[in-house]
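Residue numbers (the working numbering), protein chains in the order written: chain A, 1274 to 1882; chain B, 117 to 488.
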Amino acid sequence: MKFFKHRPTEGHHTKPSVINRRKAILTTAKYTFFGLIGLRLLWLQVFQRNKYSILSDRNRFKEWKIAAERGLILDRFNNKIAENRQLYRIALIKGDVTDLDFVLVTLNKFLKLDHDLIEKTKTDFIKLRKFQPYVINRNLSWGEFSKINSNLFILNGVQPFISMERHYNYPHQFAHILGYVGSPNENDLQNQQDDLFRTPGIKIGKLGIEKILNRELIGIPGFTRFEVNAAGRAIRTVEFVDGVSGKPLKISLDLELQKLAYEKLGRYAASAVVMDVKTGELLACVSTPSFDTNKFAFGITQPEFNELLKNERKPLINKFLSAQYSPGSTIKPIIALAALENKIIDQDYTHFCPGKIELYGQEFYCWKDGGHGRVNLKDAIKKSCDVYFYEVARLLGVDRMAEVIRKFDFGELVLKNFDEEKKGLVPDTKWKKNVLGKPWLLGETLISGIGQGYVLATPIQICKSIAQFANGGFVVEPTFYTDQKSKLKRMDFDSDNIKIINEALIAATNEQGGTSYGSRLTGNLKFCGKTGTSQVTKLTMKDREDNANPNARPYIYRDHALFAGFGPIENPKYAIAVVAEHAGAGSRVAAPIASSMFDFLLKKRLQNA
Amino acid sequence: MPDRIKVSNVFLLIEKFQKLDRALINMVLLLGFISILCLYSIDKGQTNLWLRHLLRFSFAFLILISVAFTDLRFWFRYAYHFYFFVLFLLVVIKFVGFSAKGAARWLDFGFFHIQPSELAKLAIILVLAKFYNLVKVENINKLFSLLVSGILILIPFLLVLRQPDLGTAVLILGAALGTLWIVGVNRKFFISGIVIVIVSFPFIFAAMKPYQKQRVVNFFNTERDPLGANYQVIQAKIGIGSGGIFGKGYLKGSQSSLDFVPENHTDFVFSHFAEEFGLVGSLLLLWLFFSIIKRVTFIGDQSKNNFTKIFCYSFAFNFFLYIAINLGMVTGLLPVVGVPLPILSYGGTAMLTNMIGFGIVLNSKLYAEDFI
């Protein structure tokens, strides 16, 4: 018992009571704390359960969205103009790639990658998060694809895959109206409410119909849901949901006509619009020169893009919507209508054309040296007499003129949903005072009467105006949808006045002496229309002498050639506007192009149908 | 003659075995079983961590039984020796210990790693129990006894704090203060102690390591820095909260299995348990822990000598502190300090310490009738 020699002699028996009392207090503290923990668990697991369940799922599930196949675009006869093709591509998976340099060198052996692409891949690859795939920006041929597939055992982390990519069957012809697709940039992403555009590999419409109807075309992306661990590695696939392909979209364009127009306009910086005069359906919308939208869909190279930008004929500009021209003589039918409506003149009103007139010491020329002599309204339109219209404009005044021009929706957007569309300009005294701060001059009224000066119009506006003459004075709303029935609404013009002008237009093409007589069609279906030659600069005397040879002037000072017409002359169906920049006289350049399109439309589409 | 002695020894052993506290042993075994289930579920048996835990638990359980059969007087006799041996280890570790995450805590014994700071928790209880067994009740609040106990506490506390291992140091201090409270040290010392800590908090804070400061700051602002310093607690809370009332089901938890909760095998193991077994499971586990504490206290109640009484109550308090600090930390009620959940957490020494502690408690029951 030597172990216990330190045995206390006093106070030994009083100790347990102290200890027991203190123990009881401690036990209470323990109860309290366990209760606290219990309440905390109740709070976390019952009252905040939903919040934490969501957070837990957000942790463990990651979705990899797969872009759906984009909807086809068909013309009015169901020809495919934009479709999708299988592309063979490869992706590198970060984290699975053990030696990037080796992989790239090996890939280079099979694919002959260019140096820039390799460097870009290397720099981009570093920025990736772990297990994120990186798609190499190069399409593989089937041969290359199968070579890679059979050598996968040495290519760690290389993932060959097949994707569906947009392909334009007529990349140049439909470039401006269809637009093209591309990967969304930061700007595109910011304007979106949902995260559809964040789908990896998705292509969105960047321009034209592809952009306007992007949501309908894009479909619903499918997705694979993975369970991932904290490092981001996919552990297992939880579910796979197929996407829904975009709806096929039928548009009102006519493939054959579009091709024809593109071919005919080809030489010029030009545009042509064809529409149905009753429904407003656009049958062709061509702008030349054009560009290859397939290249844009895969990311055009900088030098190629710079070349497009530098080209003085501006291939990137959508000319039928956003190029603004002085309408020139194509506005004369409207000026004449304004004069008839305001009862300034009647159809028998005549005026003598001496070739030029003088006003306050300034000379105003008719296009025809020596003048037309005495002309009435019909002759004035048929022969496009400028002096007659100077006089009409003088009598009418610019404000009454502008009022009628505006009734044809000049100065307004026609298609509205194209970002690049321009409004044009209809000047009047108020406009000049507000915008330029100067009073209106009478000389400006005169030249407005022949579509020169401040007045600006887009080809689609010109086409719409002539269509509204053709259908006898009804409003048409141009559209590229086939199923929209536009309800015909009368413009508040006297239909007799419209008829007078239409007869003059018919004469202009189909009677000897008319400005577009040389382009007339000889079959039983005929067309008619108004030519226009719009001056880009004020002509000098020398220029007037050289007029026979428009190529004598530098390109950018040459006249624009315009033509606006409709056909067939009985019961009109089609309206066409053609504008060729710096191409010379409308009767020589624009009218023949329109004529060949009418020829196609009247013979192939009307007679054969 | 030798034969007779042998037979009587065997009978003694059987008698001892029959007198062992079955309830406590069963509860400890149940806890061990739960811990193995839980560790298996965390990585779905892909590693053999659960197997190693099972081996350690079995080894520690053997130690528990051996300790339970050892004469209580042995522990009483060698309490001081044990205490100084642990101090010696704590000093040695400064030179030959190897570090984990910047703190020199471990001694390598080849097959087994020992963390002397864990043993220090047991040593401080033993040494104080022995010391206060000897001190007369009227001398408890005398300067001499306070000074001695103060020194006994401060040496291991400071040594562990310097490792640095704040969690264990706090536990050592907590266990020691619990013992002082139980033996009847005047309340005014505790009250003034709390006041001093509060007043000197700015100085303590200034002396902390940057990561410790971070933890304190984060504790008061849990939404701050969700991917950095608060990541652990936020992820643990997600695990617990997403378990709901009945849990996601065994082997169906994701937070720990997919490594979102760091330290998922060790300090934050409760998060996984709560995720799979829900509020019901968690409360049952709490109840199991509480029953163990109550049982240990009950054994202390029945003891007729002060040494075992003090030891049982102190050990129960120490065990409680482990659970309270760990669960408080995992559920976001307390700042993050590295304290494991007894027996459930993967880790050798903490389990060994607790099992030795339970062994002594069982031992106390065997010798409850004896006066020391």
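All C-beta atoms in this analysis are idealised placements derived from N, C-alpha and C, irrespective of residue type, glycine included.
(request) Consider the Cβ of B:I383: report whether some Cβ of chain A lies at a distance smaller than 7 Å. (result) On the second sequence, residue 383 of chain B is found 267 positions in, with the first residue counted as 1. According to the sequence provided, residue 383 of chain B is Asp. The question's Ile does not apply to it. Judged by the 7 Å Cβ criterion, B:D383 is not in contact with chain A.
(message) Suppose contacts are defined by Cβ-Cβ distances below 7 Å. Is A:S1723 in contact with A:F1662 by that definition?
(response) Position 450 of the first sequence, counting from 1, holds the residue named residue 1723 of chain A. Position 389 of the first sequence, counting from 1, holds the residue named residue 1662 of chain A. Sequence inspection shows Ile at residue 1723 of chain A; the Ser mentioned does not correspond to that position. A contact, by the Cβ cut-off of 7 Å.
(request) Just confirm the distance between the C-beta atoms of A:A1850 and A:I1739, as a whole number of angstroms; I'd bet it's less than 8 Å. (result) As a first step, residue 1850 of chain A is located in the first sequence; it is residue number 577 there, counting from the start. As a first step, residue 1739 of chain A is located in the first sequence; it is residue number 466 there, counting from the start. Contact between A:A1850 and A:I1739 holds: their C-beta atoms lie close to 7 Å from each other, under 8 Å.
(message) The beta strand (DSSP E) that contains A:L1555, what's its start and end?
(response) The residue labelled residue 1555 of chain A in the question sits at position 282 within the first sequence. Following the DSSP letters along the chain, one finds A:L1555 inside the beta strand (DSSP E) bounded by residues 1555-1561.
(request) Let me know the secondary structure DSSP gives A:G1519 once reduced to three states. (result) Taking the first residue of the first sequence as position 1, residue 1519 of chain A is located at position 246. In the displayed model, A:G1519 falls within coil according to three-state DSSP, outside both helix and strand.
(message) Please report the straight-line C-alpha distance between B:K329 and B:E379, rounded to a whole angstrom.
(response) Along the second sequence, one-based indexing puts residue 329 of chain B at 213. Along the second sequence, one-based indexing puts residue 379 of chain B at 263. Rounded to whole angstroms, B:K329 to B:E379 spans 20 Å at the Cα level.
(request) Starting from the N-terminal side, write out each stretch of the alpha helix (DSSP H) that is 4 residues or longer and does not extend beyond the stretch 261-326 of chain B. (result) Runs found: 282-299, 303-315, 317-323.
(message) I'd like to check one pair, A:Y1830 with A:T1806: are the Cβ atoms closer than 7 Å?
(response) For the purposes of this step, residue 1806 of chain A is taken as residue 533 along the first sequence, with counting starting at 1. For the purposes of this step, residue 1830 of chain A is taken as residue 557 along the first sequence, with counting starting at 1. No, these two residues do not count as a Cβ contact at 7 Å.
(request) Mind listing the chain A neighbours of B:F413? Cutoff is C-beta to C-beta under 8 Å, in chain order. (result) Locating residue 413 of chain B in the second sequence gives position 297, counting from the first residue. Phe is not the amino acid found at residue 413 of chain B; the sequence shown has Thr there. Below the 8 Å Cβ cutoff, chain A contributes K1296, T1300 as neighbours of B:T413, in chain order.
(message) Using a Cβ-Cβ cutoff of less than 6 Å, which residues in the same chain neighbour B:Y199 once the five nearest sequence positions on both sides are dropped?
(response) As a working mapping, residue 199 of chain B is identified with position 83 in the second sequence. These residues qualify, in order along the chain: A239, V243.
(request) List the residues that DSSP assigns as beta-bridge partners of A:W1337. (result) Taking the first residue of the first sequence as 1, we reach residue 1337 of chain A at position 64. A:W1337 pairs with A:T1497.
(message) Just list the residues that DSSP pairs A:I1849 with in beta bridges.
(response) Position 576 of the first sequence, counted from the first residue, corresponds to residue 1849 of chain A. Residue pairing from DSSP places A:I1849 in a beta bridge opposite A:V1547, A:G1838.
(request) Could you tell me which chain A residues have their CB closer than 9 Å to the CB of B:W191, listed as they occur along the chain? (result) For this step, residue 191 of chain B is matched to residue 75 along the second sequence. Around B:W191, no beta-carbon contact reaches into chain A at under 9 Å, the shortest distance being about 11 Å.
(request) Whole angstroms is fine: what's the gap from A:S1518's alpha carbon to A:H1440's? (result) Along the first sequence, read from residue 1 onward, the residue named residue 1518 of chain A stands at position 245. Along the first sequence, read from residue 1 onward, the residue named residue 1440 of chain A stands at position 167. Within the model, the alpha-carbon separation for A:S1518 versus A:H1440 is close to 15 Å.
(request) Could you list which residues in chain A have their beta carbon closer than 7 Å to that of B:F376, in chain order? (result) Along the second sequence, read from residue 1 onward, the residue named residue 376 of chain B stands at position 260. Those within 7 Å of B:F376 in chain A are N1332, A1503.
(message) Residues of chain D with CB closer than 9 Å to the CB of B:F406, please, in chain order.
(response) The structure shown contains no chain D; its protein chains are A and B.
(message) If contacts are defined as beta-carbon pairs under 8 Å, then B:Q418 and B:V377 qualify, I think. What distance do you get, rounded to the angstrom?
(response) The residue given as residue 418 of chain B occupies position 302 in the second sequence. The residue given as residue 377 of chain B occupies position 261 in the second sequence. About 41 Å separates the two Cβ atoms, so there is no contact after all.
(request) Please classify A:E1693: does DSSP put it in a helix, a strand, or coil? (result) Start at 1 with the first residue of the first sequence, and residue 1693 of chain A comes out as number 420. Three-state DSSP puts A:E1693 in coil, outside helix and strand.
(request) Kindly give me the distance between the Cβ atoms of A:H1833 and A:Y1598, rounded to whole angstroms, as I take these residues to be in contact under 8 Å. (result) Here residue 1833 of chain A is taken as the residue at index 560 of the first sequence, counted from 1. Here residue 1598 of chain A is taken as the residue at index 325 of the first sequence, counted from 1. Contact holds; Cβ gap of about 5 Å.
(message) Please state whether the Cβ-Cβ distance between B:E391 and B:Y366 is less than 7 Å.
(response) In the second sequence, the residue the question calls residue 391 of chain B occupies position 275. In the second sequence, the residue the question calls residue 366 of chain B occupies position 250. No, these two residues do not count as a Cβ contact at 7 Å.
(request) Answer with yes or no whether the minimum CB distance from B:A440 to chain A is below 7 Å. (result) Your numbering for residue 440 of chain B matches position 324 in the second sequence. With 7 Å as the cut-off, B:A440 counts as an interface residue toward chain A.
(message) Just checking: is the beta-carbon of A:L1317 within a distance shorter than 7 Å of some beta-carbon in chain B?
(response) Within the first sequence, the letter at position 44 stands for residue 1317 of chain A. Yes, its Cβ sits closer than 7 Å to a Cβ of chain B.
(request) Leaving out five residues on either side along the sequence, give the residues of the same chain with a beta carbon under 8 Å from the beta carbon of B:R331. (result) Counted from its first residue, the second sequence places residue 331 of chain B at position 215. Around B:R331: A345, P451, V452, V453.
(message) For a quick check, are the C-beta atoms of A:L1451 and A:I1482 less than 7 Å apart?
(response) Walking along the first sequence from the start, residue 1451 of chain A turns up at place 178. Walking along the first sequence from the start, residue 1482 of chain A turns up at place 209. Between A:L1451 and A:I1482, the C-beta gap is smaller than 7 Å, which places the two residues in contact.
(request) Give the range of the alpha helix (DSSP H) segment to which B:F207 is assigned. (result) Residue mapping note: residue 207 of chain B aligns to position 91 of the second sequence, counting from 1. It should be pointed out that residue 207 of chain B corresponds to Val in this sequence rather than to Phe. 188-212 is the extent of the alpha helix (DSSP H) around B:V207.
(request) Could you check the C-alpha separation between A:N1649 and A:E1776 for me, to the nearest Å? (result) Looking up residue 1649 of chain A in the first sequence gives position 376. Looking up residue 1776 of chain A in the first sequence gives position 503. Rounded to the nearest whole angstrom, the C-alpha separation of A:N1649 and A:E1776 is 13 Å.
(message) With a threshold of 7 Å on Cβ separation, who are the neighbours of B:T469 within its own chain once the five nearest residues in sequence on each side are excluded?
(response) Counted from its first residue, the second sequence places residue 469 of chain B at position 353. Cβ within range, chain order: E234, L235, K237, L238.
(message) Going by beta-carbon coordinates alone, are A:C1801 and A:M1548 separated by less than 7 Å?
(response) Working through the first sequence from its first residue, we reach residue 1801 of chain A at position 528. Working through the first sequence from its first residue, we reach residue 1548 of chain A at position 275. Contact flag unset, no.
(request) Can you say whether A:T1371 is buried or exposed, counting buried as having 16 or more other CB atoms within 10 angstroms of its CB? (result) Walking along the first sequence from the start, residue 1371 of chain A turns up at place 98. The residue in question, A:T1371, is exposed, as its Cβ has fewer than 16 Cβ neighbours within 10 Å.
(message) Under 7 Å, Cβ to Cβ, is there at least one residue of chain A near B:V446?
(response) Within the second sequence, numbered from 1, the residue matching residue 446 of chain B stands at position 330. Not one chain A Cβ lies under 7 Å of B:V446.
(request) Could you check what DSSP says for A:K1275 in three-state terms: helix, strand or coil? (result) Numbered from its first residue, the first sequence carries residue 1275 of chain A at position 2. Its pLDDT being 37, under 50, A:K1275 is placed unreliably in this model, and the value from its coordinates should be taken loosely. If DSSP states are grouped into helix, strand and coil, A:K1275 belongs with the helices.
(message) Do B:T465 and B:Q231 have their beta-carbon atoms positioned less than 7 Å apart in this structure?
(response) Numbered from 1 along the second sequence, position 115 holds the residue referred to as residue 231 of chain B. Numbered from 1 along the second sequence, position 349 holds the residue referred to as residue 465 of chain B. Yes, the Cβ-Cβ distance between B:Q231 and B:T465 is below 7 Å.
(message) Please report the straight-line C-alpha distance between B:I158 and B:N479, rounded to a whole angstrom.
(response) Counting from 1 along the second sequence, the entry for residue 158 of chain B is found at position 42. Counting from 1 along the second sequence, the entry for residue 479 of chain B is found at position 363. So the two alpha carbons sit approximately 35 Å from each other.
(message) By the DSSP assignment, the alpha helix (DSSP H) with A:A1743 in it spans what residues?
(response) Position 470 of the first sequence, counted from the first residue, corresponds to residue 1743 of chain A. Its alpha helix (DSSP H) spans residues 1732-1743.
(message) Considering Cα atoms alone, identify which of B:P272, B:S407, B:L449 is closest to B:L147.
(response) Here residue 147 of chain B corresponds to residue number 31 of the second sequence, with the count starting at 1. For B:L147, the nearest C-alpha among the options comes from B:S407.
(request) Closer than 9 Å by beta-carbon distance: list the chain A residues that pair up with B:S480, in chain order. (result) Residue mapping note: residue 480 of chain B aligns to position 364 of the second sequence, counting from 1. Close partners of B:S480 in chain A (Cβ separation under 9 Å) are lacking, with about 14 Å as the shortest Cβ gap.
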